[in-house]
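Residue numbers (the numbering used here): -15 to 184.
Written out below as structure tokens is the structure these notes cover.
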């Protein structure tokens, strides 16, 4: 016999989640359909990629009025009262609002895919597509130099498939006029160091 789902009343709202002190474990959480979900600590490779991409985007955005935010809460349009998702990186062009506990008007959302949480990251992508201001969603692999880009179409819809970006390709984020070699996102990781050794 399958377990009955928890009654809706026992699930958290976004407001309750924001006020929630946590479960005492020290883990970060996101709220998925009213249920707090713990997020595992990132690998050092994941963290290195996150730092490199944040630096590249931040330098590009200086003076534009847009900014990079690390691990913000974002609220999807669907079931907005019961979801706070946490991407690895976001870009917004909205003014900073110290009273807000969720990022206002994200334009780009980035997930760094790790083997242990790739399914959850990909589940977040669907939620991100419901946010009206999001123009691009970037998925960056942490196990090799590779990425996928999902870009909103001119009619407001989303493509059926993501655009693969390979080791020799450039990463172009049209919504903010950003362009760099994908390999630059992996600066400091074992992948770039291995490449540098092979070229000697």
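Yeah, the Cβ is synthetic: ideal placement off N, Cα and C, and Gly gets one too.
DSSP three-state assignment for residue 2, whether helix, strand or coil:
helix
Check whether residue 90 and residue 114 have beta carbons under 8 angstroms apart:
no
Element boundaries [alpha helix (DSSP H), containing residue 41]:
28 to 45
Within this structure, are the beta carbons of residue 49 and residue 86 separated by less than 8 angstroms?
The Cβ atoms of residue 49 and residue 86 do not sit closer than 8 angstroms to each other.
From the DSSP output, read off the bridge partner residues of residue 13.
22
Mind pulling the alpha helix (DSSP H) runs of 4 or more residues that sit fully within the stretch 99 to 143?
102 to 112
With 16 other CB atoms within 10 Å as the buried threshold, where does residue 84 fall?
exposed
From residue 111 to residue 47, what does the alpha carbon distance come to, in whole angstroms?
30 angstroms
Is the separation between the beta-carbon of residue 166 and that of residue 153 shorter than 8 angstroms?
Yes, the pair counts as a contact, with Cβ atoms nearer than the cut-off.
Is it buried or exposed for residue 187, if we count other Cβ within 10 angstroms and need 16 for buried?
Given a span of -15 to 184 for the chain in the structure shown, any question on residue 187 remains unanswerable.
Looking only at its chain, what residues have a beta carbon closer than 6 angstroms to the beta carbon of residue 69, apart from the 5 residues adjacent to it on each side?
14, 58, 108, 111
Assign residue 100 to one of two classes, buried (16 or more other C-beta atoms within 10 Å of its C-beta) or exposed (fewer than that).
When all chains shown are included, residue 100 counts as exposed.
Hey, would you say residue 32 sits closer than 8 angstroms to residue 172, going by beta carbons?
yes
Give the single residue among 28, -3, 103, 156 whose Cα lies nearest to the Cα of residue 20.
-3
Could you please give the first and the last residue of the uninterrupted beta strand (DSSP E) stretch that includes residue 149?
147 to 149
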